[in-house]
Ligand SMILES: Nc1nc2c(ncn2[C@@H]2O[C@H](COP(=O)(O)OP(=O)(O)OP(=O)(O)O)[C@@H](O)[C@H]2O)c(=O)[nH]1
Ligand SMILES: [Mg+2]
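In the numbering used here, the protein residues as written are 13 to 404.
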C-alpha cells in the first residue's frame, strides 16, 4: 500500500506532576491536543516533584533523560503540559536542542488553524500576540521567527527588541479596536433578541462532546429552514470557534433561541478566554444551559469538572442547567431516557432529540400560561407589542 499522507512532525510530550490527582488526565488531553495540532506523539514522560524548577521547569537529570529518549525516537518537538515562562522555554530549547511548545502555545496554534470567521481570527490573533509580547527576546530579530527562530540571531540589538515590542503593542491596540466594532454589531443583534423575551438556551460543554450535532438535530426536527441553518460538525477538537444562534419552534407556539459555541478543555489559556468574551456572551445571557457530555468517553467525569471550572472562570453563575449525556449509542445503556434534570440521549437519533426538546420545554416554559387575547381593530399599538415579543 502506498502511504500518501505527508509525514507528521514527531513530538515528545512531558510534564511535571506536583501531586495533582488529575495529572494523568491532563497528559491524555495534552496528547490529544498535540495530535490535533497535526503532530505525532512518539513518547512521553513526567517528573514527580514538589515544585517547578524556576529556570528550566524540569530538573537537570530529567532534561538529560528526555533529550536522550526524544532523540532516540526522532522527536523534533517537545510539548509541555503547563504554561512555561519565556526563560524556561529558552533554556529547555538550548538543553534539549528541540523546539519547545508549552500547553498554551499548543492550544493557540490549534485555535489559529481552526479560525474561519473574521471575529474568531481576530480573537485568536489577539490572544497570540498577548502571549508573544513578554516572550520577545533580543536574540530574535524578526517578528516572523519569534518561536523556533533558532539561535543564529543571538546578539541582535536591544533597539530591535524595543521596535518589535512597539509593533506588537500597536497591533494589539488595532485588533482590540476592530474587535470592539464587531462586538458592538453582535450586541445590537443580541439586544434585539433579549427584547423579544423568547427564552435563550445555550449549548455548552467539553470540546467534541456533540454540541453542534445536538443543535443540528433540534434544527432538523423543529425549524422550518432546518436544512439551510445547519452548523459545522466534525470529529476534532475545537471544530466550532464561533457562536451560532438559531430559533427553534416547538409545538404550541413555544419557541426558544438556541446558541452553540466554542468547546472547553482544561487549562484554557486565560488570554484566550479573555479575547473570546464576546463569543461567550450568549452563554452568560442564557436562561438555561445544556451541558453536553460525551457519555461514551472514559474521562467523562473530568470533562464535566472541566466544563464547570471554565464556566466559573467566564463568570457564568446561577443559570439553571440540564446535563445532557450524549453519544449513548456508543454505550450499552438504554436511551433516550430522562432522569431528573439529566438526559441520556444520542444527538443523531430523532427520538432522542424529541425527548430533549420535551425536557427543555419543561424547564423553560414551566411557568408559562396559555391565554387567548381578543383585540379590537383599533389596538394596533398593543398588537405590535405582542408581535415584537414573539419576534426573533
Ligand atoms: N456516535 C455518535 N457520534 C456523535 C454523536 N453526537 C456527536 N457525534 C460525533 O462527535 C463528533 C463531534 O461532534 P460535534 O457536534 O462537532 O461536537 P462539538 O461539541 O460541537 O465539538 P467542538 O465544536 O469541536 O467543541 C462528530 O464526529 C459527531 O458526528 C452521537 O450521539 N453519537
Ligand atoms: Mg461544535
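The beta-carbon is built from N, C-alpha and C at its ideal position, and this holds for glycine as well.
All of these numbers come straight from a predicted model, not from anything done at the bench.
Starting from the Cα of residue 383, find the closest Cα among 374, 398, 373 and give me that residue. 398
Ligand 2 and residue 251: does any heavy atom of the ligand fall closer than 7 Å to the residue's C-beta? yes
Could you pull the DSSP bridge partners for residue 65 from this structure? 69
Closer than 7 Å: is that where the CB of residue 88 sits relative to any heavy atom of ligand 2? no
Is the closest heavy atom of ligand 2 to the C-beta of residue 223 under 7 Å? yes
With a threshold of 16 other CB atoms inside 10 Å of the CB of residue 348, please say whether the residue is buried or exposed. buried
Identify, in the order they occur along the chain, each residue of the same chain with its Cβ nearer than 6 Å to the Cβ of residue 126, setting aside the five sequence neighbours on each side. 250, 253
Would DSSP call residue 379 helix, strand or coil? coil
Residue 322 versus residue 280: straight-line alpha-carbon distance, rounded: 8 Å
Please state if the CB of residue 272 and the CB of residue 243 are separated by a distance shorter than 8 Å. yes
Quick check on the burial criterion: 16 or more other C-beta atoms within 10 angstroms. Buried or exposed for residue 291? buried
Enumerate, from N- to C-terminal direction, the unbroken alpha helix (DSSP H) stretches of 4 or more residues contained entirely within the region 220 to 278. 223 to 234
With burial defined as no fewer than 16 other Cβ atoms inside 10 Å of the residue's Cβ, what is the status of residue 278: buried or exposed? buried
With DSSP collapsed to three states, give me the class of residue 177. helix
Assuming residue 312 is part of the alpha helix (DSSP H), what are its boundary residues? 312 to 325
CB of residue 354 to nearest heavy atom of ligand 2: below 7 Å? no
Spatial distance of residue 301 from residue 268 (CA atoms): 12 Å
Cβ distance (whole Å) where residue 293 is taken to contact residue 34 below 8 Å: Between residue 34 and residue 293 the Cβ distance is about 29 Å, and since that is not below 8 Å, they are no contact.
Is the beta carbon of residue 247 within less than 7 Å of some heavy atom of ligand 2? no
Please report the straight-line C-alpha distance between residue 332 and residue 299, rounded to a whole angstrom. 7 Å
For residue 205, I'd like the list of residues in its chain whose CB is within less than 6 Å of its CB, leaving aside the five on either flank, ordered along the chain. 269
Status (buried if at least 16 other CB within 10 Å, exposed otherwise) for residue 175: exposed
Could you name the residues that DSSP lists as bridge partners for residue 112? 90
Output yes or no for whether 8 Å exceeds the beta carbon distance between residue 334 and residue 346. no
What number of angstroms, rounded off, separates the C-alpha of residue 117 from the C-alpha of residue 258? 33 Å
Going by other Cβ atoms of all chains shown within 10 Å of its Cβ, with 16 needed for buried, is residue 137 buried or exposed? buried
Whole-angstrom distance between residue 210 and residue 393, CA atom to CA atom: 20 Å
Alpha-carbon to alpha-carbon, residue 55 and residue 37: 16 Å
Just verifying my parser: in three-state terms, what is the DSSP assignment at residue 358? coil
For residue 373 and residue 45, the rounded distance between their alpha carbons: 36 Å
Is residue 306 helix, strand or coil when you go by DSSP? strand
Taking the C-alpha atoms as reference points, what is the distance between residue 364 and residue 94? 39 Å
Tell me the residue span of the alpha helix (DSSP H) that contains residue 24. Careful: residue 24 lies outside any alpha helix (DSSP H), inside the beta strand (DSSP E) at 21 to 29.
Separation of residue 200 from residue 187, as counted between CA atoms: 20 Å
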